[in-house]
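A quick write-up on the structure given underneath.
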Amino acid sequence: MSNFEHKPRILFLHGSLRERSYSRLLAEEAAIIIEEMGAEVKFFHPHDLPLRGQVEESHPKVQELRELSQWSEGQV
Numbered sequence: 001m002s003n004f005e006h007k008p009r010i011l012f013l014h015g016s017l018r019e020r021s022y023s024r025l026l027a028e029e030a031a032i033i034i035e036e037m038g039a040e041v042k043f044f045h046p047h048d049l050p051l052r053g054q055v056e057e058s059h060p061k062v063q064e065l066r067e068l069s070q071w072s073e074g075q076v
């Protein structure tokens, strides 16, 4: 982190709601590698995320996704 004020911030997203889905497992494994390379990692879990157009932007899961997106510098 010689020239940087913080570690790179990476947000991991997966589309499946299943607890042990392949996309979730792959994201978890990739996050381990990215963390070992020095990045800060967070996940967004889509459980309870409403379909587009069905709720207001003030819905808690919509707000959570927006905040994580603004926090991140990259997304996988």
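In this note's numbering, the protein residues as written are 1 to 76.
From the three backbone atoms N, C-alpha and C, an ideal C-beta is built for every residue, glycine too.
About 5 Å separates the Cβ atoms of H14 and A27, confirming a contact at the 8 Å cut-off. Straight-line spacing of the CA atoms in P8 and G38 works out to 7 Å.
Sixteen is the threshold: since fewer than 16 other Cβ atoms of the shown chains lie within 10 Å of the Cβ of R66, the residue is exposed. Excluding residues up to 5 positions away in sequence, A27, A31, F43 and V76 lie with their Cβ nearer than 6 Å to the Cβ of F12 in the same chain. Around the beta carbon of S23, fewer than 16 other beta carbons lie within 10 angstroms, which makes this residue exposed. Between the alpha carbons of K61 and L68 lies a gap of roughly 11 Å.
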